[in-house]
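Participant: When we follow numbering that gives the first Met the number 0, the leftmost residue of the sequence shown carries the number 0, and every step to the right adds one.
First the structure, then my questions, so here it is.
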Amino acid sequence: MTACFGWLRDSPPLIPAILSFHFASLPSAAKTGTALNATTTPSANPLREGLASRPVPQPCSVVIFGASGDLTYRKLIPALYNIAADGDLPAALTVVGFARREKTDATFRTELQEAVGKFSRSGIDNEVWASFADRLFYHRSEFSDADGYTRLVERLAQLDAERGTRGNRLFYLSVAPGEFEGILQHLAAAGLNKTTDGAWTRVIVEKPFGTDLATAQELNSVVSKTFREQDTYRIDHFLGKETAQNIMVLRFANGIFEPLWNHRYIDHVQITAAEPLGVEQRGPYYESSGALRDMVQNHLLQLLCLVAMEPPTDLAADSVRDEKVKVIRSLRPMSPEDVARDVVRGQYIAGAIGGAEVKAYRAEDRVSPESMTETYVALRASVENWRWSGVPFYIRVGKRLAKGGTEIAVQFKNAPGVLFNKGAEELGANVLVIRIQPDEGISLRMQCKMPGAALRIEPVKMDFHYGTSFGKASPEAYERLLLDAMSGDATLFARRDEVEGAWRFIDLIENAWHAAGPQPPLCEYPSGSWGPKEADELLARDGRSWRRM
Ligand code: BG6
0 MTACFGWLRD SPPLIPAILS FHFASLPSAA KTGTALNATT TPSANPLREG LASRPVPQPC
60 SVVIFGASGD LTYRKLIPAL YNIAADGDLP AALTVVGFAR REKTDATFRT ELQEAVGKFS
120 RSGIDNEVWA SFADRLFYHR SEFSDADGYT RLVERLAQLD AERGTRGNRL FYLSVAPGEF
180 EGILQHLAAA GLNKTTDGAW TRVIVEKPFG TDLATAQELN SVVSKTFREQ DTYRIDHFLG
240 KETAQNIMVL RFANGIFEPL WNHRYIDHVQ ITAAEPLGVE QRGPYYESSG ALRDMVQNHL
300 LQLLCLVAME PPTDLAADSV RDEKVKVIRS LRPMSPEDVA RDVVRGQYIA GAIGGAEVKA
360 YRAEDRVSPE SMTETYVALR ASVENWRWSG VPFYIRVGKR LAKGGTEIAV QFKNAPGVLF
420 NKGAEELGAN VLVIRIQPDE GISLRMQCKM PGAALRIEPV KMDFHYGTSF GKASPEAYER
480 LLLDAMSGDA TLFARRDEVE GAWRFIDLIE NAWHAAGPQP PLCEYPSGSW GPKEADELLA
540 RDGRSWRRM
C-alpha cells in the first residue's frame, strides 16, 4: 500500500517548492519496511542569498604536522581538494606539510594526487588538481628540531610575500598525542603562535584529547600557554557531519518538535554508532583506548548534547557550547554499582561479516592475546535536569557489528490506552530517527489505518533523505570543519570545559572497570552480531529493546 500526498513547503513566497511524503506500511512484526522518499525540488531563493550566517574563509597558510600520516592522505587533503573543487577555498591559500620523511614538494604532490584520486568523495579533476597542487608544499623536519621551526618561519614569510596569505596561520596537529606538547613549545619558541598587523594564528588539535581528565587538563594547560582558547580548535569530526549539524535545525527551526522535546512526551532516546569494521591497523592505539574513550567520550556524548541541550541564546560559538556544557554537567555521575548495572562492555570474537570470516579482536595485529580492551559499549545515562527527568539515554557503540550506521532514535511515549491502544498488544510508539550516516535523513514512525472495511492499524514511516531532497552528496565532515577553522568559527569544535566535563563522566566508568577487586565482566560477542546479550538485557530490564537498524 502506498498513499501519497504533497503540500507546499513553507518556503519563501516567490519560489514555492513541492514537498511530497509517501507513506507505506511496514511489516508489523519485523518492522523492516523499506525506506520511503520525501523529495523537494531544490530551489535557490535569491531573496535569501546573503542571509547565510557562515563567515568567509580567509587567506592563510595551513601547516599540517604529521603530513605523511594516514589522516592527511585519507581525510585532510581530500577535504581541502573538495573545498577547492567547490570553489570555496580562499584564492590565497597554501598548505605546508610538516613531517620527518625526506621528500620534495614534487614527490609530496604526486603522493597526494594518488590519495585524492582514491579518497576524494568527488573523484579528481585534472584541471582542479593542477591549480590545487600548486598550493602544496613540503617542509621536512623532525618535530623536535628547533631549526626546522626557524626555517618554517622563513618559508611562511616567503609564501606570504609570494602568495598573499597575509600572515594568517592555521596549524593542524595531526600527530600522536605524545608529540603535541613538543610541537606547541617549538611553535612558541619560534614566535609562530604570535601574529602582527591584524593577522591571526590558530591551532587545530586532533583527538584523542587526553586519555582521562588529568591528561586532558594537562594538555589544555599546555595548549593554553601557546594559544588563546578562542584560537584553539579541538576537533570532533562527528560535529562536522551534515546530519549532526541538522539536529539543532530540526529542533529549533521547527515549531512542532520543541514542545514535545521533554520528559512529558519522550520515553527514551537511543544513540547508536555501529561499525562492521574491526580495529584494522590501529591495534596499538586501540589497546590503550577502547570503545569508551575512542567513541563515547567525544562523538557520542556530543550527539547526546545536541539532542538534550536547551536552545542557545544565539548561534555564537560560545552560546551553543555553553548549552552543551550544561548537558554534560547534568549527566548523573556513576558509582561503581551504577557502572556494574548500567554499563556493558564487550569484545568481539571470531565470526562472519558479509559472508566472510573475520578473526577475534585478540587475534588482531599488535593486540594482546589476553586483551581486556572493550570494542563494544552499551550504557544507560541520565541527564538530571528539568527537561529530561526520568528519561534514559541509551548509548551503544561497537566494532564488528552486523551493519554500519549511526543514528539517534527518539522514542515518544505511547498514546493513552483508551481507544486504539486498548488491545492486549500495544501499538508501537512514535519514533523519530535521525540518521547520521549512511543514507543521512530523518524519519518519523506513526500508526495509520490500513485501507479497507476492517480496522487494521499498521506502522508507517514518513521519511526524508538528504540525497533525494537536496540532490547532492553531503560534504565530508573535515571539509566543513577546515572551512570553519579558516573562517574563525569555533561552534563545531569542543571547548575546554566540554572536553574536561566529558572526561569527568567517562573516568568514573573507566575507574570502575579497572578498580582492584571484582570488576564488571567483559562480555564476548561474535563478529557480525549486534553485540553481547547483556546489552539486550540492559534494556529488557527497563521493558525496552534496542531498535533494529
Ligand atoms: C574515529 C574513531 O574517531 O571515528 C574510529 O577513532 C571510528 O575508531 C571513527 O571508526 C568513526 O568515524 P566515522 O566518521 O567513520 O563514522
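Glycine residues also receive a C-beta, built at the ideal position from the N, C-alpha and C atoms.
Based on Cα-Cα distance, which residue from 539, 488, 434 and 512 lies nearest to residue 273?
Facilitator: Comparing Cα positions, the closest option is 434.
Participant: Give a single yes or no on whether residue 405 has its beta carbon closer than 7 Å to a heavy atom of the ligand BG6.
Facilitator: Residue 405 Cβ: within cutoff of the ligand BG6.
Participant: Looking only at its own chain, which residues have a Cβ that is under 6 Å from the Cβ of residue 547, when we skip the five neighbours before and after it?
Facilitator: Counting only Cβ-Cβ distances below 6 Å, and skipping sequence neighbours, we find nothing.
Participant: Please state whether DSSP places residue 66 in a helix, a strand or coil.
Facilitator: Correct three-state label for residue 66: coil.
Participant: So for residue 154, helix, strand or coil by DSSP?
Facilitator: Helix.
Participant: Assuming residue 222 and residue 248 make a contact with CB atoms under 8 Å, what is their CB distance in whole Å?
Facilitator: The pair is not a contact, with the Cβ atoms about 31 Å apart (cut-off 8 Å).
Participant: Is residue 544 helix, strand or coil by DSSP?
Facilitator: If DSSP states are grouped into helix, strand and coil, residue 544 belongs with coil.
Participant: Can you check which of these residues, 237, 483 and 455, is closest to residue 229 by C-alpha distance?
Facilitator: Considering only alpha carbons, the answer is 483.
Participant: If you drop the 5 nearest sequence neighbours on each side, which residues of the same chain put their C-beta closer than 6 Å to that of residue 283?
Facilitator: Answer for residue 283: 365, listed in chain order.
Participant: So what does DSSP say about residue 513, is it helix, strand or coil?
Facilitator: Here residue 513 sits in helix by DSSP.
Participant: To the nearest whole angstrom, what separates the beta carbons of residue 234 and residue 206, a pair I think is in contact under 8 Å?
Facilitator: The pair is a contact, with the Cβ atoms about 7 Å apart (cut-off 8 Å).
Participant: Find the nearest neighbour of residue 65 within the set 472, 176, 291 and 152, judged by alpha-carbon distance.
Facilitator: It is 176.
Participant: State yes or no: is the C-beta of residue 497 within less than 8 Å of the C-beta of residue 327?
Facilitator: Yes; because the gap between Cβ atoms is below 8 Å, this pair is in contact.
Participant: Given 7 Å as the limit, tell me if residue 69 has its C-beta closer than that to any heavy atom belonging to the ligand BG6.
Facilitator: The answer is no for residue 69.
Participant: From the DSSP secondary-structure annotation, give me the bridge partner or partners of residue 301.
Facilitator: None; residue 301 has no bridge partner.
Participant: Could you pull the DSSP bridge partners for residue 232 from this structure?
Facilitator: DSSP output for residue 232 lists 203 as bridge partner(s).
Participant: Does the separation of the CB atoms of residue 119 and residue 81 fall below 8 Å?
Facilitator: Yes, Cβ-Cβ distance for residue 119 and residue 81 is below 8 Å.
Participant: Which residue from 488, 262 and 114 puts its Cα closest to that of residue 389?
Facilitator: Nearest of 488, 262 and 114 to residue 389, Cα basis: 262.
Participant: Can residue 399 and residue 459 be called in contact, C-beta distance under 8 Å?
Facilitator: For residue 399 and residue 459, no; Cβs fall outside 8 Å.
Participant: How about residue 301 and residue 212: are their beta carbons less than 8 Å apart?
Facilitator: It is not a contact, given that the beta carbons lie outside the stated cut-off.
Participant: Confirm the yes/no value for this check: CB of residue 293, any heavy atom of the ligand ADP, distance under 7 Å.
Facilitator: The ligand ADP is absent from the structure shown, which contains only the ligand BG6.
Participant: Which residue from 337, 516 and 324 puts its Cα closest to that of residue 495?
Facilitator: The option with the nearest alpha carbon to residue 495 is 324.
Participant: How is residue 144 classed by DSSP in three states: helix, strand or coil?
Facilitator: It is coil, neither helix nor strand.
Participant: Cβ atoms of residue 164 and residue 93: under 8 Å apart, would you say?
Facilitator: Result yes, Cβ atoms of residue 93 and residue 164 sit closer than 8 Å.
Participant: Do residue 63 and residue 171 have their beta-carbon atoms positioned less than 8 Å apart in this structure?
Facilitator: Their beta carbons are under 8 Å apart, which means residue 171 touches residue 63 by this criterion.
Participant: Tell me, to the nearest whole angstrom, how far the beta carbon of residue 534 is from that of residue 359; I am working on the premise that it is less than 8 Å.
Facilitator: Not quite, the Cβ-Cβ distance comes to about 18 Å (not below 8 Å), so this is no contact.
Participant: Rounding to the nearest angstrom, what Cα-Cα distance links residue 621 and residue 131 in this structure?
Facilitator: With the chain covering 0 to 548 only, the question about residue 621 has no answer from this structure.
Participant: Is the stretch 280-294 close to the stretch 426-443, with three or more CB pairs under 8 Å?
Facilitator: As far as the Cβ criterion goes, the stretch 280-294 does not touch the stretch 426-443, which means the pair count is below three.
Participant: List the endpoints of the continuous alpha helix (DSSP H) containing residue 485.
Facilitator: Per DSSP, residue 485 belongs to the alpha helix (DSSP H) from 476-486.
Participant: In three-state terms, what does DSSP make of residue 460?
Facilitator: Residue 460 falls in the strand class under three-state DSSP.
Participant: Between residue 113 and residue 86, what straight-line distance do the alpha-carbon atoms span, to the nearest angstrom?
Facilitator: Cα-Cα distance, rounded: 21 Å.
Participant: If you follow the beta strand (DSSP E) that residue 445 is part of, which residue opens it and which one closes it?
Facilitator: Segment 440-448, the beta strand (DSSP E) holding residue 445.
Participant: Using the Cα positions of residue 182 and residue 59, report the straight-line distance between them to the nearest angstrom.
Facilitator: Roughly 20 Å separates the two Cα atoms.
Participant: Below 7 Å CB to CB, which residues in the same chain sit around residue 280 once its five sequence neighbours on both sides are set aside?
Facilitator: Same-chain partners within the cutoff: 364.
Participant: With 8 Å as the threshold, decide whether the Cβ of residue 236 is near any Cβ in chain B.
Facilitator: Of the chains in the structure shown, none is chain B; there is only one protein chain.
Participant: Any heavy atom of the ligand BG6 closer than 7 Å to the Cβ of residue 436?
Facilitator: Within the cutoff, so yes.
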